Amino acid sequence: MPESQLATHTIKSHGAKVAKIHLHDWLILLLLIVIYVILNRIEPFHRFVGEWMLTDLRYPMKDNTVPSWALLIIAILLPLVVILAYYIKQKDIYDFHHAILGLLYSFLITAVITEVIKNGVGRPRPDFFWRCFPNGKGVFDPITSDVMCTGDKSVIKEGYKSFPSGHASGSFAGLTFLAWYLSGKIKVFDRKGHVAKLCIVFLPILMAAMVAVSRVDDYWHHWQDVFAGGLIGTIIASFCYLQFFPPPYDADGWGPYAYFHMLAESQNGAEVPSTTNNDIISPSQPE
C-alpha cells in the first residue's frame with residue numbers, strides 16, 4: 001500500500017483508544033523500570049582479583065565523556081524527536097504510539113538484561129585498582145591473595161560492573177531502533193540505489209559506536225565489554241522494532257502493523273478489536 005493512502009488519526013481522535021488497548025504494555029514498562037532500579041541496588045558478584053591480576057587493572061580513573069544523562073538524551077530523546085517530527089508531518093497516532101512503545105521497550109529490556117549480566121559476572125573495570133585502593137597501597141588476603149579493598153563502597157561496587165557496557169548496550173538499543181525506523185520511513189530498500197539514504201541510516205549507528213568507544217577511552221570498560229553491550233542492544237532493538245513494524249524492505253515497511261490491521265478491519269466494516277500485530281490482515285490480501 002502506498003504511503004500516500006495514510007489517513008489522519010491524531011492523538012485527539014484516537015489517542016485514548018490506542019493507549020487503553022495497550023494499557024498492559026505500559027504497565028509492563030513501569031514494571032521494567034522497577035526491576036531495573038532493584039537490580040541496580042543489588043551488590044554484584046565480587047570476582048576473585050589476585051595481586052598478580054592487577055597489572056591490567058591499574059588504568060587511571062577518569063570522568064565519563066558521555067555521562068548517564070547524556071546517554072538518555074542520545075538514546076531516547078533523540079529518537080523521540082524524530083518520531084514526533086514524523087507524527088507532526090503525518091498525523092498518525094498508530095505510528096507515533098507504537099514507535100514510542102517499541103523504543104522504550106528496546107531501551108528498558110536492554111537495560112534490565114545488561115544489569116542482570118553485570119551483577120552475575122562481576123568483572124572488574126580497567127581502573128579497578130584505584131577504586132579498590134585510592135591511596136595506591138594494595139592490601140591482600142594473606143591466604144588467597146584476593147584484594148581487600150579500602151576505598152569507598154559505592155565506588156568499589158561500580159568497579160565490579162564492567163561486563164557488559166551499559167552505555168554501549170543502551171546507545172545501540174535506542175539508536176539501532178532509530179536506524180530501523182528511518183529505514184522504513186525513507187524507504188532505504190526501494191531498489192533505486194540511493195546511497196544517501198544509507199548514510200542517513202548509518203548516522204545513528206555511528207553515534208552509538210562513538211559512545212561505545214568513549215567507554216574504552218575513559219577506562220571504564222574493556223573492549224569486550226562494549227562489543228558485548230553493542231551486540232545486546234542491537235539484537236533487542238531489532239526484535240522490538242519488528243514486533244511493531246514490518247521489515248523496511250517490505251512493501252508496507254513504512255507503517256506499523258497496527259495501522260494496516262485497523263485499516264483492513266474498517267474497510268470490512270468491522271470494529272477494530274485490537275491494534276497489536278497478532279492475526280494481521282494485510283489490506284492487499286483477502287480475508
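Numbering (UniProt numbering), first residue to last: 1 to 287. Using N, Cα and C, we set each Cβ at its ideal position, and we do this for glycine too. The structure presented is a predicted model; accordingly, all values stated were derived computationally and were not measured.
**Q.** Beta-carbon proximity list for Trp26, same chain, < 6 Å, skipping 5 on both sides
**A.** none
Q.
According to DSSP, simplified to helix, strand and coil, what is residue 345?
A. An answer regarding residue 345 cannot be provided, because it is not within the stretch 1 to 287 covered by the chain.
Q | Alpha carbon of Arg125 to alpha carbon of Arg215, nearest angstrom | A | 11 Å
Q: Could you tell me whether the Cβ atoms of residue 289 and Arg47 are closer together than 8 Å?
A: Because residue 289 is not part of the residues shown, which for the chain are 1 to 287, the question remains open.
Q) Just curious, the alpha helix (DSSP H) that Leu198 is in, first and last residue? A) 195 to 217
Q | Pro79 versus Leu108: straight-line alpha-carbon distance, rounded | A | 15 Å
(Q) Measuring only the C-alpha atoms, how far is residue 331 from Thr65? (A) Past the boundaries of the shown model lies residue 331; the chain is included only from 1 to 287, so the question cannot be answered.
Q) With 16 other CB atoms within 10 Å as the buried threshold, where does Ser162 fall? A) buried
Q: Answer yes or no: does any C-beta atom of chain D fall closer than 8 Å to that of Cys199?
A: As a matter of chain content, chain D is missing from the structure shown, which is built from one protein chain.
Q: Indicate whether the contact test is met: 3 or more Cβ pairs, each with one atom in the stretch 131 to 146 and one in the stretch 91 to 99, closer than 8 Å.
A: no
**Q.** Spatial neighbours of Asn40 in its chain, beta-carbon cut-off 7 Å, leaving aside the 5 residues before and after
**A.** Glu115
Q.
So Gly184 and Phe245 are supposed to be a Cβ contact under 8 Å. How far apart are they, rounded?
A. 6 Å
Q. Between Ile73 and Ser169, is the Cβ-Cβ spacing less than 8 Å?
A. no
Q) What three-state label does DSSP hand Gly170 in the structure shown? A) helix
**Q.** 8 Å Cβ cutoff met for Ile200 and Leu182
**A.** yes
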